[in-house]
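The block underneath contains the structure these notes are about, expressed in structure tokens.
Number of protein chains: 2
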Amino acid sequence: MSEREKDGGELPGPETTAAWIGLMRARERVLARIEADFKAATLPPLGWYDVLWELVQAEEGRLRPFEIEARTLLAQYSLSRLIDRLAKEGLVRREAFDADGRGQWVVVTEAGRAMRERMWRTYGPSIETHIGARLTEAEARQLAALLAKLR
Amino acid sequence: MSEREKDGGELPGPETTAAWIGLMRARERVLARIEADFKAATLPPLGWYDVLWELVQAEEGRLRPFEIEARTLLAQYSLSRLIDRLAKEGLVRREAFDADGRGQWVVVTEAGRAMRERMWRTYGPSIETHIGARLTEAEARQLAALLAKLR
DNA sequence: TTCATGTAGATGCAATTGCATATATGTGGG
DNA sequence: CCCACATATATGCAATTGCATCTACATGAA
Numbered sequence: 001m002s003e004r005e006k007d008g009g010e011l012p013g014p015e016t017t018a019a020w021i022g023l024m025r026a027r028e029r030v031l032a033r034i035e036a037d038f039k040a041a042t043l044p045p046l047g048w049y050d051v052l053w054e055l056v057q058a059e060e061g062r063l064r065p066f067e068i069e070a071r072t073l074l075a076q077y078s079l080s081r082l083i084d085r086l087a088k089e090g091l092v093r094r095e096a097f098d099a100d101g102r103g104q105w106v107v108v109t110e111a112g113r114a115m116r117e118r119m120w121r122t123y124g125p126s127i128e129t130h131i132g133a134r135l136t137e138a139e140a141r142q143l144a145a146l147l148a149k150l151r
Numbered sequence: 152m153s154e155r156e157k158d159g160g161e162l163p164g165p166e167t168t169a170a171w172i173g174l175m176r177a178r179e180r181v182l183a184r185i186e187a188d189f190k191a192a193t194l195p196p197l198g199w200y201d202v203l204w205e206l207v208q209a210e211e212g213r214l215r216p217f218e219i220e221a222r223t224l225l226a227q228y229s230l231s232r233l234i235d236r237l238a239k240e241g242l243v244r245r246e247a248f249d250a251d252g253r254g255q256w257v258v259v260t261e262a263g264r265a266m267r268e269r270m271w272r273t274y275g276p277s278i279e280t281h282i283g284a285r286l287t288e289a290e291a292r293q294l295a296a297l298l299a300k301l302r
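Protein chains in written order, with the working numbering: chain U, 1 to 151; chain H, 152 to 302.
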């Protein structure tokens, strides 16, 4: 066993470490800026957007909770409660899923679609400002490709 | 005013959007894997590492809270409570800062240094597994450089 | 039918976060 | 010296998260 492995695993080189730190910091910074834009526009939490977006994309504007879960990486209990909040605001509605008594549909309402559009009017420009404007098109493409390797 | 700008700002192109989604997802996935490794090793939360690391790096193993804040991007109230927890575990100690009655030193203890090392024995290999092993050295360097542009 | 096992989703509870505000101290006029 | 204002850190409280567990329904085998 080599010296480097004596603690049970390879250690990361400086490039790898820099990539990890960069990933954490960049995400934090950009997220903070986008969230600030959201607050300035008195919008609900950013996380709501993803769920609304998935629903709007989906056929008939509805998905099963576990489908949303898979698409958004949200934890099951976390999504369950997020749906509660969205429903309380009238942005989605729960509907029975007849083929399986355990299941349900989460359906986006008209208010939900409108809210997603309203959020996008802030979100879109915010992404452009905090990311698009800092990278060339080629760089953005390259960044996305590198990040994809980490999934 | 052009059609694209009628909503108050440029919209991001698909490359930019892909970079943003990739950033969020990659960070989430990698973080989840690393946290799983931490739990498997019965280690405290990952966030403790950064504070301990900054203190270990610092001269005399101590920093003022606001200095830690700047280095870690933690929110002020968040750090204040994190220090409480670290102190309760005996990993750091608060000490008076004589030159300014409002201030204090946060000093890393021997137990704190030992804990940081113990954490690194999991953290290092985890970073290597989940990031290093998925990228060439050149890719990691490139990724870090691109992410640096977002700060 | 019955039971063992698996899956969809909800929920109690403790810990953490975010926000706003509080406390204490420092500083530069006037 | 006194005051207005700035800075360092803490904290009450409501909202959110994580974890573990629970309920309800489904499914396949005996």
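Cβ atoms here follow ideal geometry from the backbone N, Cα and C, with glycine treated the same way.
All values derive from a computational prediction rather than experimental measurement.
| Asked | Found |
| --- | --- |
| For E95 of chain U: DSSP bridge partner residues | U:W105 |
| Beta carbon of L298 of chain H nearer than 9 Å to that of A26 of chain U | yes |
| Any chain H beta carbon closer than 9 Å to E10 of chain U | yes |
| Residue burial classification, R253 of chain H (beta-carbon count within 10 angstroms, cutoff 16) | exposed |
| Assigned exposure category for V181 of chain H - 16 Cβ within 10 Å defines buried | buried |
| Interface partners of V30 of chain U on chain H, CB under 8 Å | W171, L174 and L301 |
| Chain-ordered chain H contacts of R27 of chain U [CB-CB under 8 Å] | L174, M175 and R178 |
| Closest Cα partner of R245 of chain H within the set H:M270, H:H281 and H:G212 | H:G212 |
| Sub-9 Å separation of R292 of chain H and A138 of chain U beta-carbons | no |
| Euclidean distance between Cα positions of G198 of chain H and V259 of chain H | 15 Å |
| Straight-line Cα distance separating L162 of chain H from P44 of chain U | 20 Å |
| Alpha-carbon to alpha-carbon, A183 of chain H and A111 of chain U | 33 Å |
| Where Q76 of chain U meets chain H, residues with beta-carbon distance less than 7 Å | By Cβ distance, chain H contributes nothing, its closest Cβ being about 14 Å from Q76 of chain U, past 7 Å. |
| Residues of the stretch 192-209 of chain H whose Cβ lies closer than 7 Å to any Cβ of chain U, in chain order | none |
| Cross-chain neighbours of R285 of chain H in chain U, by beta carbon under 7 Å | K149 and L150 |
| Sheet register partners of R213 of chain H (DSSP bridge) | H:V258 |
| Proximity of E28 of chain U and A295 of chain H at Cβ, strictly below 9 Å | no |
| Residue-chain proximity (L143 of chain U, chain H), Cβ-Cβ < 9 Å | yes |
| Three-state class that DSSP yields for G112 of chain U in the structure shown | helix |
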